[in-house]
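Working notes, beginning with the structure itself.
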Amino acid sequence: MSIRAENLTYIYGQGTAFEQYALKNVNFEIPHGQFVGLIGHTGSGKSTLIQHLNGLIKPTEGAVYYEGVDIHGEGYNLRELRSKVGLVFQYPEHQLFEVDVFADVCYGPRNLGLAKEEMERRAKEALELVGLEKKYWEQSPFELSGGQKRRVAIAGVLAMNPQVLILDEPTAGLDPKGRDEILDEISQLHKERGISIILVSHSMEDIAQYADRLMVMNHGEKAFDGPPREVFEHYKELEAIGLAAPQVTYIVHGLRDHGVPIDPELTTVREARDAIVNLLGGGEHD
3 MSIRAENLTY IYGQGTAFEQ YALKNVNFEI PHGQFVGLIG HTGSGKSTLI
53 QHLNGLIKPT EGAVYYEGVD IHGEGYNLRE LRSKVGLVFQ YPEHQLFEVD
103 VFADVCYGPR NLGLAKEEME RRAKEALELV GLEKKYWEQS PFELSGGQKR
153 RVAIAGVLAM NPQVLILDEP TAGLDPKGRD EILDEISQLH KERGISIILV
203 SHSMEDIAQY ADRLMVMNHG EKAFDGPPRE VFEHYKELEA IGLAAPQVTY
253 IVHGLRDHGV PIDPELTTVR EARDAIVNLL GGGEHD
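One gets the working numbering by counting positions in the sequence shown from 1 and adding 2 to each.
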């Protein structure tokens, strides 16, 4: 159940004086079950790219394939695709509109034509998965906090049982506690359901901690693509395109510059802590 982009190109204002490439010859394949981090500076093409993956935008050139089939081929059912490839926008208000939380989460399953019992079962399960307490289910989604709104938006997509979950900056504007809770829940969903996750984020620390693979966009083109450890080795090139590696990367390289024999590919605080403790002869720590 892979998603594949082949020479994906999208041009804003094509044929006008304002013509501009948002994406240019982007190629990749995301196999089922992978957790992918997607990063890039503002205007790099991240949001345009993810909106191609469930057919919200049609490419100017190239194609997107889901399970080996061109999603813009004749007769392809885009509505069905969007139940399999779920997209959660950066601002949850763009996806919330029903009178209460439970009705909002039921909306997607209802559009799939499911029976009332199955629709409500899915909604309940999804709300429980994202950790939203039952006392909020009958409230208007617009009365909730930012973090709670994001949980509802994610639940609304999960209730459709997607095979791929795409999240555009799901922790934007949240405090550290709320950010960690959302990301931990997303990681748990990935592990328990085995679905593919595509996480758009500006936080290198978050990407390093959760993603198996990292794709870096720059001016509409794919600049890097690989395991986070390998990508973050290019931290100087990342700086040159307006990005940065996790803070741990700089600490590790600073230690190496001072003669400390520490692995330069460490990217998380936990990895660096364990490595330093081992170097000091303290053994392993949990």
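Yeah, the Cβ is synthetic: ideal placement off N, Cα and C, and Gly gets one too.
Outcome for residue i when other beta-carbon atoms lying within 10 angstroms are tallied against a minimum of 16
{"i": "Asp208", "result": "buried"}
{"i": "Arg81", "result": "exposed"}
{"i": "Tyr252", "result": "exposed"}
{"i": "Ser203", "result": "buried"}
{"i": "Tyr68", "result": "buried"}
Rounded separation between residue i and residue j - CA only
{"i": "Glu232", "j": "Gly39", "result": "13 Å"}
{"i": "Val66", "j": "Val271", "result": "37 Å"}
{"i": "Glu76", "j": "Gln16", "result": "23 Å"}
{"i": "Leu146", "j": "Ile264", "result": "46 Å"}
{"i": "Leu176", "j": "Gly149", "result": "6 Å"}
{"i": "Asn79", "j": "Lys60", "result": "14 Å"}
{"i": "Tyr14", "j": "Gly222", "result": "12 Å"}
{"i": "His192", "j": "Gly64", "result": "29 Å"}
{"i": "Lys136", "j": "Ile32", "result": "35 Å"}
{"i": "Leu116", "j": "Pro164", "result": "15 Å"}
{"i": "Arg195", "j": "Gly158", "result": "16 Å"}
{"i": "Leu282", "j": "Pro266", "result": "17 Å"}
Identity of the residues DSSP links to residue i by a beta bridge
{"i": "Val28", "result": "Leu10"}
{"i": "Tyr68", "result": "Ile5, Val71"}
{"i": "Glu223", "result": "Asn220"}
{"i": "Glu273", "result": "Glu273 is not bridged to any residue."}
{"i": "Ile156", "result": "Ile156 pairs with nothing; no bridge assigned."}
{"i": "Asp170", "result": "Val202"}
{"i": "Gly39", "result": "Leu201, Leu216"}
{"i": "Gln22", "result": "Tyr14"}
{"i": "Glu63", "result": "Thr11"}
CB-CB length for residue i against residue j, believed under 8 Å
{"i": "Val28", "j": "Leu51", "result": "7 Å"}
{"i": "Ile197", "j": "Val166", "result": "6 Å"}
{"i": "Met219", "j": "Lys26", "result": "Wrong, their Cβ atoms sit about 10 Å apart, outside the cutoff."}
{"i": "Pro230", "j": "Ala210", "result": "5 Å"}
{"i": "His74", "j": "Gly88", "result": "His74 to Gly88, Cβ: 19 Å. No contact."}
{"i": "Phe104", "j": "Glu140", "result": "7 Å"}
{"i": "Lys238", "j": "Phe30", "result": "Not really, about 24 Å apart at Cβ, beyond 8 Å."}
TODO: Determine contact between the segment 96 to 115 and the segment 39 to 46, defined as no fewer than three beta-carbon pairs at a distance below 8 Å.
DONE: The answer is no - the segment 39 to 46 does not touch the segment 96 to 115, with fewer than three Cβ pairs under 8 Å.
*Between the segment 87 to 103 and the segment 137 to 153, do at least 3 Cβ pairs fall closer than 8 Å?*
yes
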